[in-house]
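Chemist:
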Amino acid sequence: MTAPNDLSRTLTLARAETTLLLRNKTATSIAVLTPPLIVPLVSLMPAGAGLPALVMAMLTGTALLFVVYYTLVTSAVARREEHYLKRLYTSTARPVTILLAMVLPLLVLLAVQLLLGFAAVAALLDYRPSWDALLVLVAALLGAAAWWALALASTVFTRTVESAQLTTLPLLMVALLFSGLSLPLALLPDPAVLLAQLTPMFPVVDLVYLGVAGIRITGDTVAGSELLRTVLLDAAVLVGWTVAGLFLVRRRFRWEPRR
Amino acid sequence: MTFSARTDLTVDVRGLRRRYASQGRRGGRDTGFEAVRGIDLQIRRGELYALLGTNGAGKTSSLEVIEGLARPSAGTVQLLGHDPYADRQLVRPRIGIMLQEAGFPGALTVTELARTWQRLLVDPRPVEDVLQQVGLDHRRTVAIASLSGGEQRRLDLALAIMGRPEVIFLDEPTTGLDPQSRRTTWELIRGLLAEQTSVVLTTHYLEEAEVLADRIGIMHEGRIVREGTLAEIVKSQPSQISFSLDTGIDETGLTRFAGAALHTEEHAGHRRLRLETFDPQRVLGLLLSWAGDAIRLSDLHVVPGSLEQAFLEIAASTDLGTTDSTDHQTQPEMIA
Numbered sequence: 001m002t003a004p005n006d007l008s009r010t011l012t013l014a015r016a017e018t019t020l021l022l023r024n025k026t027a028t029s030i031a032v033l034t035p036p037l038i039v040p041l042v043s044l045m046p047a048g049a050g051l052p053a054l055v056m057a058m059l060t061g062t063a064l065l066f067v068v069y070y071t072l073v074t075s076a077v078a079r080r081e082e083h084y085l086k087r088l089y090t091s092t093a094r095p096v097t098i099l100l101a102m103v104l105p106l107l108v109l110l111a112v113q114l115l116l117g118f119a120a121v122a123a124l125l126d127y128r129p130s131w132d133a134l135l136v137l138v139a140a141l142l143g144a145a146a147w148w149a150l151a152l153a154s155t156v157f158t159r160t161v162e163s164a165q166l167t168t169l170p171l172l173m174v175a176l177l178f179s180g181l182s183l184p185l186a187l188l189p190d191p192a193v194l195l196a197q198l199t200p201m202f203p204v205v206d207l208v209y210l211g212v213a214g215i216r217i218t219g220d221t222v223a224g225s226e227l228l229r230t231v232l233l234d235a236a237v238l239v240g241w242t243v244a245g246l247f248l249v250r251r252r253f254r255w256e257p258r259r
Numbered sequence: 001m002t003f004s005a006r007t008d009l010t011v012d013v014r015g016l017r018r019r020y021a022s023q024g025r026r027g028g029r030d031t032g033f034e035a036v037r038g039i040d041l042q043i044r045r046g047e048l049y050a051l052l053g054t055n056g057a058g059k060t061s062s063l064e065v066i067e068g069l070a071r072p073s074a075g076t077v078q079l080l081g082h083d084p085y086a087d088r089q090l091v092r093p094r095i096g097i098m099l100q101e102a103g104f105p106g107a108l109t110v111t112e113l114a115r116t117w118q119r120l121l122v123d124p125r126p127v128e129d130v131l132q133q134v135g136l137d138h139r140r141t142v143a144i145a146s147l148s149g150g151e152q153r154r155l156d157l158a159l160a161i162m163g164r165p166e167v168i169f170l171d172e173p174t175t176g177l178d179p180q181s182r183r184t185t186w187e188l189i190r191g192l193l194a195e196q197t198s199v200v201l202t203t204h205y206l207e208e209a210e211v212l213a214d215r216i217g218i219m220h221e222g223r224i225v226r227e228g229t230l231a232e233i234v235k236s237q238p239s240q241i242s243f244s245l246d247t248g249i250d251e252t253g254l255t256r257f258a259g260a261a262l263h264t265e266e267h268a269g270h271r272r273l274r275l276e277t278f279d280p281q282r283v284l285g286l287l288l289s290w291a292g293d294a295i296r297l298s299d300l301h302v303v304p305g306s307l308e309q310a311f312l313e314i315a316a317s318t319d320l321g322t323t324d325s326t327d328h329q330t331q332p333e334m335i336a
């Protein structure tokens with residue numbers, strides 16, 4: 001038996017986390033079923049040529065919200081409330097290893113859902129991905145980082161698993177309302193659209209649209225250096241949310257329940 | 001290999017203080033609560049140090065800093081020659097920690113958790129051996145949530161010893177155990193000491209400290225107010241000679257016993273007298289000759305000074321100007 005390193009410790013803890021998630025039927029159902037259930041509903045909406053983009057954006061968005069964000073908030077709070085997080089904090093694993101291991105099973109599920117989504121879109125909507133579709137990967141990776149950090153930050157304000165239903169609402173609402181997922185951004189006044197671009201789900205949806213349909217979620221067509229600038233801006237917003245979330249986590253994250 | 005007196009020290013704590021920031025109040029005067037108010041602690045290899053004290057005395061707050069789970073507000077901690085907070089990657093593989101709250105995910109089975117824990121360790125002992133040592137081998141496939149409180153405590157101990165620690169922290173390891181399991185745990189702790197492990201133990205069972213500890217520290221209001229071997233601590237406590245006397249018998253003669261303090265308690269027409277002395281043999285002789293054949297000393301007890309007596313005496317003393325810790329909202333400094 002070789003000495004464990006950070007990677008092997010992450011995998012060990014992720015494996016235990018997977019077992020725990022699978023034994024929690026509620027959490028498993030929400031994480032596994034929400035994204036694929038939402039997608040067929042969207043597909044019924046009139047979207048014209050943009051349907052593959054709409055489906056993929058919807059899938060990526062809901063998967064980040066319900067698989068990564070909501071599930072991680074509830075599971076992290078549950079582990080904290082049963083003092084398991086504090087036990088892990090006493091272990092040989094680094095704190096960041098513990099926090100990464102908790103999200104790892106959720107990232108695997110996210111990847112599976114996105115791959116299945118791509119397959120379904122390609123088969124049913126006759127979609128042929130180009131190299132631009134790699135932007136969906138960028139959206140998923142940076143989005144996952146941002147929503148991982150935001151989930152950990154949300155646990156700071158969440159006392160119990162039950163109260164997570166309430167404490168996750170603000171970010172869920174912001175994500176749904178200002179990303180173009182549920183409300184057409186054209187309905188918003190211009191200054192609001194500008195602000196919406198700084199919210200943590202807009203860049204994800206925007207990057208998926210650029211990757212799949214070649215247009216922005218706002219409907220603008222961008223190409224050349226304008227495209228590069230848009231992609232970098234979206235990426236910067238997601239990195240910004242990641243950094244902001246981790247800053248709060250570093251200062252305020254709790255490894256044990258409040259006494 | 002020989003150890004110099006210096007390298008023999010596994011725990012070296014100097015002037016340790018820990019202050020919790022108070023919640024809610026921002027700005028203005030710091031209304032935080034200082035749970036640990038300057039403790040010094042040195043522990044050698046193969047030594048068991050028992051840290052005693054009432055609830056809220058600061059035992060767990062001190063342990064968390066010594067273990068490296070939190071930063072001290074002031075003072076220094078050296079654990080196996082390193083700062084346990086800054087150098088956690090160096091220190092953690094060499095120590096074992098058993099927290100007061102076990103912290104188990106109830107949905108995992110005993111073996112699943114034990115294997116997970118084992119894979120995190122650098123030089124782990126076999127899971128089967130460790131579970132057998134704490135008497136849980138027959139419960140291997142049971143969900144942790146189904147274990148009794150005592151069984152969970154023993155699982156916790158199993159995980160703490162799995163990494164062959166050089167220093168092990170046991171925060172109330174036998175709470176909730178039946179007398180037999182408690183003795184099994186004591187045997188296990190003696191085994192660790194024989195392997196030169198340093199053991200830091202907190203307990204509410206004073207008998208446990210009496211049986212196991214090489215040295216004892218009694219904490220009160222954030223300070224170690226008494227420290228020494230059991231004999232040294234008990235030496236400060238007088239022996240107690242107590243007996244009942246029929247009413248009507250004049251006890252004034254007893255007050256002449258030099259060096260003995262006389263206490264009288266009257267309860268429901270029943271009179272019980274107690275003599276406190278550091279020379280029980282002489283005072284008992286005087287008492288018996290005073291009574292002679294005429295006076296009956298019923299229910300006569302001679303009890304040597306005890307750890308419990310010392311503990312209660314310290315617990316009863318209050319330091320003026322301190323705040324109550326029990327209902328204090330605290331904010332431990334444990335950050336990622």
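Residue numbers (my numbering), protein chains in the order written: chain A, 1 to 259; chain B, 1 to 336. By construction, the Cβ of each residue, glycine as well, lies at the ideal position given by its N, Cα and C atoms. A quick note: this is a predicted structure, and the numbers were derived from the prediction, not measured.
(1) What is the C-beta distance between G245 (chain B) and L273 (chain B), in whole angstroms, given that I count them as a contact (C-beta under 8 angstroms)?
(2) Just the chain B side, please: which residues come within less than 8 angstroms of R159 (chain A) by C-beta, in chain order?
(3) Could you check what DSSP says for A86 (chain B) in three-state terms: helix, strand or coil?
(4) At a Cβ cut of 8 angstroms, what residues of the segment 5–23 of chain A count as close to chain B, listed as they run along the chain?
(5) Just checking: is the beta-carbon of I101 (chain B) within a distance shorter than 9 angstroms of some beta-carbon in chain A?
(6) Within the continuous beta strand (DSSP E) that includes M98 (chain B), where are the two ends?
(7) Which two residues bound the contiguous alpha helix (DSSP H) that contains V231 (chain A)?
(8) Check whether the Cβ atoms of Q78 (chain B) and V13 (chain B) lie closer than 9 angstroms to each other.
(9) Comparing C-alpha positions only, which one of A:P40, A:V55, A:L54 and A:I30 sits nearest to V68 (chain A)?
(10) I need the straight-line Cα distance from R25 (chain B) to N55 (chain B), nearest angstrom please.
(11) What are the residues of the segment 92–119 of chain B that lie near chain A, defined by any Cβ-Cβ distance shorter than 8 angstroms?
(12) I'd like to know whether the C-beta atoms of A53 (chain A) and V161 (chain A) end up nearer to each other than 9 angstroms.
(13) Determine whether the Cβ of L230 (chain B) lies closer than 9 angstroms to any Cβ atom of chain A.
(14) Once DSSP output is grouped into helix, strand and coil, what is the label at Y69 (chain A)?
(15) Strictly below 8 angstroms CB to CB, what residues from chain B border S91 (chain A)?
(16) In the DSSP output, what is M219 (chain B) paired with across the bridge?
(17) Just confirm the distance between the C-beta atoms of V237 (chain A) and P191 (chain A), as a whole number of angstroms; I'd bet it's less than 8 angstroms.
(18) Just curious, the alpha helix (DSSP H) that D206 (chain A) is in, first and last residue?
(19) Closer than 9 angstroms, CB to CB, is L85 (chain A) near chain B or not?
(20) Once you ignore the five residues that flank T277 (chain B) on each side, which residues in its own chain have a CB closer than 8 angstroms to its CB?
(21) Using a beta-carbon distance below 9 angstroms, is Q152 (chain B) in contact with chain A?
(22) Do you know offhand how far A294 (chain B)'s Cα is from R271 (chain B)'s?
(23) Any C-beta of chain A sitting closer than 9 angstroms to the C-beta of A86 (chain B)?
(24) I'd like to confirm the pairing. Which residues does DSSP put opposite T109 (chain B) in its beta bridges?
(25) Who does L121 (chain B) pair with in a DSSP beta bridge?
(26) Pick out the complete alpha helix (DSSP H) segments inside the segment 189–269 of chain B, 4 residues or longer, and give them in chain order.
(27) Starting from L69 (chain B), find everything on chain A with Cβ-Cβ shorter than 9 angstroms and list it in chain order.
(28) To the nearest angstrom, report how far apart Q165 (chain A) and M173 (chain A) are at their CA atoms.
(29) Could you give the first and the last residue of the continuous alpha helix (DSSP H) run that contains V167 (chain B)?
(30) For G180 (chain A), does the three-state DSSP call read helix, strand or coil?
(31) Tell me, please, whether the CB atom of E226 (chain A) is closer than 9 angstroms to any CB atom in chain B?
(32) Answer yes or no: does any C-beta atom of chain A fall closer than 9 angstroms to that of D123 (chain B)?
(33) Taking 6 angstroms as the limit between beta carbons, can you name the residues of its chain near L88 (chain A), skipping five residues before and five after?
(34) Quick one: give me the first and last residue of the alpha helix (DSSP H) that F311 (chain B) is part of.
(35) Check the Cβ-Cβ distances between A149 (chain A) and every residue of chain B, and say whether any is below 9 angstroms.
(36) Any C-beta of chain B sitting closer than 9 angstroms to the C-beta of E162 (chain A)?
Modeler: In this structure, then:
(1) Per the sequence shown, residue 245 (chain B) should be read as Leu rather than Gly. Correct: roughly 6 angstroms between the Cβ atoms.
(2) Within chain B, no residue comes near R159 (chain A); the closest Cβ sits about 13 angstroms away, beyond 8 angstroms.
(3) coil
(4) S8, R9, T12, L13, R15, A16, T19, L20 and R23
(5) It is Glu, not Ile, that sits at residue 101 (chain B) in the sequence shown. E101 (chain B) counts as touching chain A.
(6) I95 to M98
(7) S225 to R252
(8) yes
(9) A:I30
(10) Because R25 (chain B) sits at a pLDDT of 48, beneath the cut-off of 50, its placement in the model cannot be relied upon, and the following sentence gives the value as read from the coordinates. The straight-line gap from Cα to Cα measures roughly 26 angstroms.
(11) R92, P93, I97, L99, E101, A102, G103, F104, P105, G106, A107, L108, E112, L113, T116, W117 and R119
(12) no
(13) no
(14) helix
(15) R92, W117 and L120
(16) B:G53 and B:I224
(17) No, V237 (chain A) and P191 (chain A) are not in contact; Cβ-Cβ is about 17 angstroms, not under 8 angstroms.
(18) F202 to V212
(19) yes
(20) P238, S239, I241, F257, G259, A260, A261 and V283
(21) no
(22) 17 angstroms
(23) no
(24) B:A143
(25) L121 (chain B) is not bridged to any residue.
(26) 206–212 and 230–235
(27) K86, Y89, T90 and W255
(28) 12 angstroms
(29) Segment V167 to D171 is the beta strand (DSSP E) holding V167 (chain B); no alpha helix (DSSP H) there.
(30) coil
(31) no
(32) yes
(33) I98
(34) L307 to A316
(35) no
(36) no
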